[in-house]
Amino acid sequence: MATGLGPLEVRVSKSQVSFRRGRGFAFLWRPGSYVKSTVPVVLSLALPYEAASPRFKQIAHPSPGIWMHHLELQDSGELDAEVEQWLREAYEAAG
4 MATGLGPLEV RVSKSQVSFR RGRGFAFLWR PGSYVKSTVP VVLSLALPYE AASPRFKQIA
64 HPSPGIWMHH LELQDSGELD AEVEQWLREA YEAAG
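4 is the number of the first residue of the sequence shown in my numbering; add one for each residue after it.
Here it is as structure tokens:
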């Protein structure tokens, strides 16, 4: 899904996979590494606004112009058109 957005850099670390375009715009990480959780993976998206959706587990505002949205994913079927749109918006805002 992310590779179809355009030029980007993928960084893999011990704790996460980050997708960057100038700055990070999407992050995949295992919550069980940090807190007790049965959720397999979290997709965190850096959007330029607060997206009002009940799908997000948590939304944080770490700096001006960036709202970090945390989406718990149980399986790949949850990566639908809505998530793709948020990913595209995060990508465009990062450039």
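Using N, Cα and C, we set each Cβ at its ideal position, and we do this for glycine too. Please read these numbers as outputs of a predicted model, since none were measured by experiment.
Taking residue i and residue j to be in contact with their CB atoms under 8 Å, please state how far apart those CB atoms are, rounded to whole angstroms.
i, j, result
"residue 75", "residue 42", "5 Å"
"residue 11", "residue 91", "That pair is no contact at about 12 Å."
Here's a check: name, in chain order, each residue in its chain whose Cβ is nearer than 8 Å to the Cβ of residue i, leaving out the five neighbours to either side.
i, result
"residue 97", "23, 24, 25, 26, 27, 28 and 49"
"residue 62", "53, 54, 70, 71, 72 and 73"
"residue 16", "none"
So, at 7 Å on beta carbons, what are the nonlocal neighbours of residue i in its own chain, with the 5 sequence-adjacent residues on each side left out?
i, result
"residue 99", "Look at the range of the chain in this structure, 4 to 98, and you will see that residue 99 is not part of it."
"residue 93", "28, 29, 48, 49 and 50"
Taking 6 Å as the limit between beta carbons, can you name the residues of its chain near residue i, skipping five residues before and five after?
i, result
"residue 21", "14, 27 and 30"
To which residues does DSSP link residue i through a beta bridge?
i, result
"residue 15", "20"
"residue 71", "49 and 63"
"residue 30", "21 and 47"
"residue 82", "In the DSSP output, where bridge partners are listed per residue, residue 82 has none listed."
"residue 76", "44"
Considering Cα atoms alone, identify which of the options is closest to residue i.
i, options, result
"residue 57", "86, 35 and 44", "86"
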